[in-house]
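In what follows, a single structure is set out as structure tokens and then discussed.
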Amino acid sequence: MSDPRQAGISAFLRSRRARLKPQDVGLPAGRARRVPGLRREEVAALAGVGVTWYTLLERGEALGVSAATLDAVASALRLSESERAYVASLLAPEKESPAQFDARPLAEQFLLDGVIVPAYFCTRQWVVPAWNRAYALVWGCAPPGGAPWNLAERFFLDATMRAIFGTAWPETARAMAGMIRAGYGKLSDDSDYDALVRRLLEDATFERLWETLDVTAPREVIHAEVVSPAIGRFAYSVLNLALPTLEQGVLVVHVPDAESGAALKRALAAT
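This is the structure we're talking about:
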């Protein structure tokens, strides 16, 4: 199977079928099965589709899948909303032209002039083209105005990030890998995104998480606590602001709690 999108659909649907037991979907348990999970014919029956058609879908070879049919298959496989969206995106990936998009001028307008808490702009390929002074201070990265960098690469390939996240790193890594997979479904025809995933797969932790095929949807608000190299404990809420003029990315703002905000203010004044 040479098409990576077909391979992605195949691997994902097979993994979701394998995790279900007959009793999970109201079928009798019966005898022990040599291969875990439901059979293709059972999924097809639950979804109300033909076995041959479902087999083609699981191979990534089904054409013209309607929303209603996809919803029936997703319900049969007990997919979450994030997983449903992932399958839909693999079947109809978006076309992306990242080289034609320059977020820096608009991002700098928000980040460098008006936001006093950590903030940055992140594209759908996880590239950070602009960030502010507060973000650089809290996260120990280069001052604003430097070359763009990739947030996913820094998280998984920079050892200092594990120290900053501490005990929260494993769970955060799991969520990050799931969000990267969700993006991969939407941008599976994007060579830059594909190259990013290949680079990340050089990391053993990311490779293990990637092979779970888990999908995570970005949340609008995330609460977290890290140990900043500059100010120590930093507790904050992450706000992902999808602005109409920033179609290919989001403005991410870290809003600190009162104690962390006071520490940040003192540190900024001292630099």
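Going by numbering that gives the first Met the number 0, the sequence shown opens with residue 0, and the numbers climb by one from there. Positions of the beta carbon are idealized from the N, C-alpha and C atoms, including for glycine. Just so it is clear, the structure is predicted and the values come from calculations on it, not from any experiment.
In the DSSP assignment, Leu263 forms no beta bridge with any residue. The way I'd put it, the region 222-237 does touch the region 249-266; three or more beta-carbon pairs between them come closer than 8 angstroms. Within the DSSP secondary-structure output, Leu240 pairs in a beta bridge with Leu250.
Take the alpha-carbon of Tyr85 and the one of Gly184: they are about 6 angstroms apart.
Within the same chain, Cβ atoms closer than 7 angstroms to the Cβ of Val50 are found at Arg39, Glu40, Ala43, the five residues on either side in sequence being excluded.
Rounded to the nearest whole angstrom, the CA to CA distance from Val48 to Ala67 is 11 angstroms.
Distance from the Cα of Gly139 is smallest, within the candidate group Trp125, Phe154, Leu12, for Phe154. Sequence-distant partners of Val254 (beyond 5 residues in either direction) whose C-beta falls short of 7 angstroms from its own C-beta, in its chain, are Val116, Tyr235, Ser236, Leu238. For Ala146, there is no enclosing beta strand (DSSP E), as DSSP gives it neither H nor E.
In the structure shown, Ile8 adopts helical secondary structure according to DSSP, grouped into three states. Counting C-beta pairs closer than 8 angstroms gives three or more between the region 212-227 and the region 174-190, which meets the contact rule.
Distance check between Phe120 and each of Pro143, Ala75, Glu60 places Pro143 closest, using alpha-carbon atoms only. The beta carbon of Val24 sits closer than 8 angstroms to those of Leu37, Glu41, Leu45, Ala75, Arg77, all from its chain and outside the five residues before and after it, given in chain order. The closest CA to that of Ser227, considering only Ala194, Tyr192, Arg161, is found on Arg161. Around the beta carbon of Thr122, a 10 Å sphere encloses 16 or more other beta carbons of the protein chains shown; the residue is thus reported as buried. Comparing alpha-carbon positions, the option among Val137, Arg4, Gly145 lying closest to Val127 turns out to be Gly145. Ranking Val249, Ile221, Pro147, Arg132 by CA distance to the CA of Ala266 puts Arg132 first. Taken atom to atom, the span from the alpha-carbon of Leu55 to that of Val249 is near 36 angstroms.
If you compare the alpha carbons of Leu195, Leu212, Ala167, Ser187 with that of Ile221, the shortest gap goes to Ala167. At least 9 angstroms separates the beta-carbon of Thr171 from that of Ala229. Per DSSP, Thr122 is one residue of the beta strand (DSSP E) stretching across 118-122.
Closest in C-alpha terms to Gly59, from the list Glu82, Phe11, Ala135, Glu206, comes Phe11.
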